[in-house]
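At position 613 of the sequence shown (counting the first as 1) the number is 613 in UniProt numbering, and the numbers step up by one without a gap. Scroll down for the structure; my scribbles are underneath it.
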Amino acid sequence: MEISSKENTRFFSNNTILPVDRSSFKSESSASKEKQSCCGGLKIFLGALSFVYFAKALSGSYLKSTITQIERRFDIPSSLVGIIDGSFEIGNLLIIILVSYFGAKLHRPRIIGAGCLIMSAGTFLIAMPQFFMGRYRYERFPSTVNSTVNISPCLQDKSQTPLSALEKSQTKINAGCEKEAGSSMWIYVLLGNLLRGIGETPIQPLGITYIDDYAIEENAALYIGCVQTVAIIGPIFGFLLGSLCAKLYVDIGFVDLDSVMITQKDVQWVGAWWLGYLIAGVISVLAGIPFWFLPKHLPKPESRKDSSTSSEHSKFIIEDNKDQHKSYQQQGKIAEMAKGKSLEFLSWLLNFFPSLKSLFGNPVYILYLCASIIQFNSLIGMVTYKPKYIEQQYGQTSSKTNFVIGLINIPAVAFGIFSGGLVMKKFRIGILGAAKLSLGSSFFGYLLLLSLFAMGCENSEVAGVTVSYHGTKQMTDSEQALFSECNSGCSCSKHDWDPICGENGVTYISACLAGCQASNGTGKNTVFFNCSCVGTFESSQTSSAVLGPCQKGNDCPKMFLYFLVISVITSYTLSVGGTPGYILLLRCIKPHLKSFALGIYTLAIRVLAGIPAPVYFGVAIDTTCLKWGSKRCGGRGACRLYDSSALRYVYLGLTLVLGTVSIFFSVAVLWVLRKKSSPPDETLSANGERGTCGTKSRKDNFVNSDCLIQSTYWPEKETRL
C-alpha cells in the first residue's frame with residue numbers, strides 16, 4: 001500500500017509538472033509578444049509626440065520672429081502687438097482645466113490629433129489677412145516710381161504736378177480709406193493665435209501622461225527627455241524660417257519685384273511673414289495625422305501592472321474604470337452615473353481648498369512662485385522684443401536678426417539647461433545646493449546683462465528729429481521742428497516718411513523736407529539734386545542725396561558684435577539655473593501635492609507673466625518713439641524712428657529691474673531653507689515646516705518621500721518624476 005501510494009504520488013506529480021511547464025512557456029511567449037506590441041506602439045507615439053512638440057515650438061518661435069513684420073504690415077503700435085502675442089496664453093487657459101480633467105477619460109491620442117488640427121487652423125488664419133488686404137503700400141514720392149512724368153520733390157507750386165496724377169492718387173487713397181475703415185485685419189492674427197493656444201493645450205498634459213502610463217518605469221524619464229530635446233530644436237528652425245521669409249518681399253508672387261522701391265534696411269520693409277505661417281500650418285497638420293491611428297490604450301508592461309509606484313494619473317484612471325465597471329454591473333443607469341460624477345466632483349471640491357491651503361502655507365513654495373513669476377515677466381518681455389531691439393538699436397535687418405537669434409542664442413539656452421541638469425547629477429546637489437545654483441545663475445546672468453547698457457549705438461542723425469537742420473544736436477518729437485528756412489518754400493507734408501540720405505551723412509524724412517529741387521533716375525536708383533537743406537551743413541560739399549536712410553555710426557557694427565557675445569553668455573548663464581529651480585520646486589512640496597502644485601505654478605506663470613509682460617513691455621517701448629507713421633485715412637500707425645538711447649534704457653532697464661526683484665525673492669527662498677536646515681537633527685519636511693526625524697524614521701521617510709533630506713541626492717526620485 002505504501003509502495004502503491006508512493007507510485008501514485010510520483011505518477012500524479014509527473015503528470016502535473018508537464019502542464020505547468022507548458023503554461024509557463026505560453027505565458028512567457030505571450031508576455032514577450034505583449035512587450036513587443038507595447039514597445040512598438042509606444043515608440044510610434046513617442047515619435048509622433050516629438051514631431052508635434054517640434055511643430056508647436058516652430059510656430060511659436062516663428063511668431064516671435066515676425067513681431068516687427070506684423071507691426072509694420074498692419075500699422076499698429078508695439079503695445080497692440082503685445083496683446084496679439086499674449087492671446088496664445090489666453091487661448092491655452094480657456095480649456096486647460098477641461099482638457100486636464102476630462103481628457104484622461106477620453107481617447108487621448110485622438111484629442112491630441114484634434115488639437116493639432118485646431119493649431120494648424122489657427123496658424124492658417126494668421127496668414128489669411130495677406131490675401132484679403134490687397135497689396136502692401138509704402139510711402140514713396142511719385143518721382144521715385146517708374147513714370148514718364150518728372151516731378152520736383154519740392155512742390156513749390158502744386159501746379160507742377162499734373163492734375164490727372166493728383167486726382168488718380170486721391171481716388172486711390174479714398175478707396176483705400178473706405179476699405180480700411182470697415183476692417184481691422186490684425187484681429188484675424190489675434191484670433192488665429194488664440195486658436196493656436198487652444199489647439200496646443202492637450203499636447204503636453206495628455207502626451208506626457210500617456211508616455212508615463214505605458215512606458216517601463218525606468219524608461220519614462222528618458223522618453224520625456226527625448227521629447228523635450230526635440231522641442232528645443234523647434235525654435236531654432238522657427239527663427240531660421242523667419243530669417244528666410246524676412247528676406248522675401250511681402251507681396252512676392254503677386255507683384256513685379258523690380259518695381260519694389262525699398263530695401264531690407266528700410267523701416268518700411270515687410271517680408272513675406274505670411275509664408276512661414278502656411279509652412280508651419282502644413283507641418284502641424286502632418287504632425288497630427290499619426291494620432292488618429294493610435295489606440296486609446298496600450299498594454300501595460302508586466303513590471304507596472306501590479307506596481308505600487310505607478311503614476312497618480314494611471315492610478316486615477318484604473319480606479320475610475322473599476323468604479324464605472326461596478327456601477328455598470330450593479331445599476332446600469334445613466335442617472336446613477338451622473339450622480340456618481342457629481343459626488344466625485346464634490347469630493348474633489350472638498351479636497352481642493354485644504355490642498356490649496358497646505359500649498360500656500362509652504363513658505364518655500366510661495367517665495368519661489370513669486371520669484372518665478374517676476375523672473376518670467378523679465379524673460380518673456382525681453383525675448384518677445386529682442387528682435388525689435390536689435391533692429392532698432394544696431395540697424396540690422398529682420399532677416400539677419402532672426403538668423404542670429406536662431407543660430408546662436410537658442411542653442412546657448414539649450415546647452416545651459418543641459419549643463420544645469422548635468423551639474424545637479426554629477427555633484428549630487430540637494431535642495432539647498434539647487435537653491436544656491438539657481439540664485440547664482442540669476443545673479444551672474446543679470447550682472448552680465450548690466451554691461452549691455454554700455455554697448456549701444458548713438459541715434460541716427462535725422463534732420464528735424466535728432467539733429468537740427470544746421471547740424472546741432474537736438475532731441476524732439478515736435479512736428480514743427482521738421483520745417484526750417486531751407487524748406488520753407490516747399491509744400492511738404494509732416495506726416496510722410498520717405499527717407500533720403502544726404503551727402504553730409506544726415507537722413508532727411510523726405511526729399512521735399514530736404515528741399516530737393518530735381519531728381520534723376522527711377523526706383524531704387526533715384527538721385528536727388530539741388531537739395532537746399534543738405535547744403536546748409538558746413539561739412540557738405542554737394543547738395544545731392546540718394547534714396548533710403550543713412551547707415552548708423554562707424555562704431556555700431558563693432559558694438560553689435562560685442563552685444564552678441566555678451567548676449568550668448570547671458571542666455572547660457574540664465575538657463576543654467578532652469579533645471580535646479582525646477583528640482584527645487586518639486587522637492588519643497590508634499591509628494592501627493594506635486595501635480596496640483598505644478599498646475600498652480602503653470603497657471604500663475606501664464607496668467608501673471610505670459611499675458612501681461614508683452615503688453616506693458618510694448619507700451620514702454622512705444623514711449624521711446626520719435627517719429628510715428630501715419631495711416632492712409634489718418635491716425636497713428638507704426639513707429640518709424642526710435643530714440644536709441646531711450647529704447648536701450650527702457651528695454652534693458654525694465655528687464656533688469658524685474659530680474660533684481662526676482663533675485664530678492666530667491667535670496668528669501670535660500671534664507672528660509674537655511675533656517676529650516678540649520679540644526680543637524682532637523683530636516684525640512686515636505687510641507688515646509690520643521691520636523692525631527694530619527695535614524696529609523698529617516699530611513700522610512702527616505703523611502704516614502706515624507707521627509708526631505710538635503711544632504712542626500714536621490715536620482716530615482718527625479719527619474720520617477
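Just so you know, even glycine gets a beta-carbon here, dropped at the ideal spot from N, CA and C.
Residue(s) in a DSSP beta bridge with residue i
i, result
"S630", "R636"
"T507", "V462 and C501"
"F529", "A518"
"residue 723", "The question about residue 723 has no answer here: the residues shown for the chain are numbered 1 through 721."
"K357", "DSSP output for K357 lists no bridge partner at all."
"L641", "K627"
"I431", "In the DSSP output, where bridge partners are listed per residue, I431 has none listed."
"I252", "V255"
"K473", "V467"
Rounded C-alpha distance that separates residue i from residue j
i, j, result
"I500", "R648", "25 angstroms"
"L248", "A272", "5 angstroms"
"M382", "L658", "11 angstroms"
"K56", "P290", "16 angstroms"
"K494", "V270", "23 angstroms"
"G548", "A514", "13 angstroms"
"E200", "L275", "21 angstroms"
"A371", "S662", "4 angstroms"
"N409", "I203", "26 angstroms"
"V568", "A412", "6 angstroms"
"V404", "Y368", "33 angstroms"
"L586", "S595", "9 angstroms"
"A120", "I97", "The sequence shown places Ser at residue 120, rather than the Ala named in the question. Going by the C-alpha atoms only, they are around 22 angstroms apart."
"T68", "H107", "40 angstroms"
"C693", "H592", "Reliability fails at C693, whose pLDDT of 37 lies under 50, so the model's placement of it is uncertain and the value that follows must be treated cautiously. Looking at the two C-alpha atoms, the distance is approximately 20 angstroms."
"A434", "Y277", "40 angstroms"
"L670", "K676", "10 angstroms"
"L286", "R606", "28 angstroms"
"P680", "R428", "Residue confidence is low: P680 scores 48 on pLDDT, short of 50, so the model does not pin down where it sits. Its coordinate-derived value is still stated next. For P680 and R428, the distance between alpha carbons rounds to 19 angstroms."
"Y713", "K426", "Here the model assigns Y713 a pLDDT of 33, short of 50, so the residue's position is not dependable, and the following value carries that caveat. Taking the straight line joining both Cα atoms gives about 10 angstroms."
"T466", "F665", "41 angstroms"
"N146", "M133", "With a pLDDT of 48 at N146, under the threshold of 50, the predicted position of this residue should be treated as unreliable, and no value is reported."
"I232", "N351", "37 angstroms"
"Y562", "G440", "23 angstroms"
"E139", "W497", "6 angstroms"
"K43", "N219", "11 angstroms"
"S510", "L584", "58 angstroms"
"L117", "S284", "7 angstroms"
"A414", "T579", "11 angstroms"
"S87", "I224", "28 angstroms"
"Q392", "I76", "17 angstroms"
Start-to-end residues for the beta strand (DSSP E) that takes in residue i
i, result
"A545", "A545 to L547"
Extent of the continuous alpha helix (DSSP H) to which residue i belongs
i, result
"T579", "G578 to R587"
"W273", "W273 to G288"
"Q551", "Neither: Q551 is in no alpha helix (DSSP H) and is coded neither H nor E."
"Q69", "I67 to R73"
"A646", "S644 to S677"
"T209", "I203 to Y214"
"C116", "R108 to A127"
"K524", "First-last for K524: undefined, no H or E at that position."
"P363", "P363 to T384"
"M261", "First-last for M261: undefined, no H or E at that position."
"G420", "I410 to K426"
"A481", "Looking at the DSSP string, A481 is not in any alpha helix (DSSP H), and its letter there is neither H nor E."
"I88", "Here the sequence assigns Phe to residue 88, which means Ile is not the residue at that position. Element bounds for F88: S78 to F102."
"V615", "P612 to D622"
"N402", "S398 to V404"
"G489", "Here G489 belongs to no alpha helix (DSSP H), and DSSP marks it neither H nor E."
"E200", "W186 to E200"
Contact test: residue i Cβ vs the ligand GDP heavy atom, cutoff 8 angstroms
i, result
"W671", "Among the components modelled here there is no ligand, and therefore nothing to report on the ligand GDP."
Cβ distance (whole Å) where residue i is taken to contact residue j below 8 angstroms
i, j, result
"M261", "K631", "Not confirmed; about 20 angstroms, so no contact."
"residue 741", "E461", "Given a span of 1 to 721 for the chain in the structure shown, any question on residue 741 remains unanswerable."
"I566", "L452", "6 angstroms"
"E71", "S78", "6 angstroms"
Query raised in the report: On the three-pair Cβ rule with 8 angstroms, is the stretch 443-461 touching the stretch 549-560?
Result: yes
Report task. Count the C-beta pairs between the stretch 71-90 and the stretch 612-621 that are closer than 8 angstroms, then say yes if the count reaches three, no if not. Result -> yes
Query raised in the report: Pairing CB atoms from the stretch 483-491 with CB atoms from the stretch 597-609, are three or more of them under 8 angstroms?
Result: no
Query raised in the report: Does the stretch 390-403 come close enough to the stretch 233-242 to have 3 or more Cβ pairs within less than 8 angstroms?
Result: yes
Query raised in the report: Counting Cβ pairs closer than 8 angstroms, one from the stretch 187-200 and one from the stretch 109-125, do we hit at least three?
Result: yes
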